[in-house]
Structures are given as structure tokens and as C-alpha cells.
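Worksheet for the structure shown next.
Residue numbers (this note's numbering): 31 to 145.
Shown next as C-alpha cells:
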């Protein structure tokens with residue numbers, strides 16, 4: 031099992047998989063989650079290591095803020111991911127594309143029930 035965003039290794043790893051699961055969440059959901067998590071961290075409700083270094087500028091307003099970086103990477107990387115996933119599917123790997131948190135929860139529950 032390989033977990034995480036290893037698109038740079040797609041040519042090496044993905045074609046060996048039985049199933050490729052793509053969490054293709056909408057940008058609106060990604061932004062909402064970043065804002066919620068950042069606000070919790072800034073309010074001191076999350077004590078993780080990243081939360082201790084987070085500032086308003088780093089979260090939302092700086093040129094390299096978490097929010098701005100996430101939006102830029104989403105827009106730049108998503109078309110490339112779509113191409114890589116399609117190429118992997120063409121090699122016979124089963125692709126599961128999940129487009130919402132609810133769909134991901136349902137798919138995971140189905141996998142766990144089938145164990």
C-alpha cells in the first residue's frame with residue numbers, strides 16, 4: 031500500500047497498484063477545511079506542532095499563505111493528476127474517484143465491511 035500524494039512517482043508506483051483511490055475533492059471543500067483548521071489553530075483549540083507556528087499572515091494573508099498555496103496547487107496540479115489517473119486506468123488499474131467527503135466515508139465503510 032502506498033498512501034499520500036506521490037504523483038511524481040506515478041510512473042514507478044501507480045501501474046503496480048490493484049486500486050488507485052483519487053480523493054478529487056472540490057476546491058470549495060478544500061478551502062473550507064483549510065479555513066476551519068487554521069481558525070481552530072489560531073484560536074488555540076489545536077495544540078499540534080504546526081498550530082504553534084501559525085500566524086494570521088501565514089494562514090491567510092501572506093504571499094505564501096496556506097490558503098493561497100492550496101488554491102494555486104489545486105488549480106495547477108489537478109489537470110496533471112487527471113491525466114496521470116487516466117493513463118493509469120488505461121493500464122488496467124481500477125480507479126476509484128471520490129468527489130466528496132461523504133463518498134469517501136461510504137467507500138471506506140464498504141471496504142471495511144468486505145474484510
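For each residue, glycine too, the CB sits at the ideal point set by N, CA and C.
For residue i, count neighbouring Cβ atoms within 10 angstroms of its own Cβ and tell me buried if that reaches 16, exposed if not.
i           : result
residue 86  : exposed
residue 126 : exposed
residue 140 : exposed
residue 113 : exposed
residue 89  : buried
Could you tell me how far apart the beta carbons of residue i and residue j are, in whole angstroms, since I believe they sit closer than 8 Å?
i           : j           : result
residue 68  : residue 84  : 7 Å
residue 72  : residue 104 : That pair is no contact at about 22 Å.
residue 128 : residue 52  : 7 Å
To the nearest angstrom, how far is it from the Cα of residue i to the Cα of residue j?
i           : j           : result
residue 65  : residue 111 : 24 Å
residue 60  : residue 100 : 8 Å
residue 116 : residue 45  : 11 Å
residue 79  : residue 49  : 33 Å
residue 142 : residue 132 : 15 Å
residue 95  : residue 107 : 18 Å
residue 109 : residue 130 : 18 Å
residue 70  : residue 76  : 6 Å
residue 135 : residue 145 : 16 Å
residue 122 : residue 41  : 14 Å
For residue i, is the beta carbon positioned less than 7 Å from some heavy atom of the ligand MN?
i           : result
residue 112 : Judged by which ligands are present, the structure shown has none, so any question about the ligand MN falls away.
key: Whole runs of the beta strand (DSSP E) within the region 48-74, excluding any shorter than 3 residues   = 49-53
task = Mind listing, in chain order, the continuous alpha helix (DSSP H) runs of no fewer than 4 residues lying wholly within the region 90-138?
result = Runs found: 96-120.
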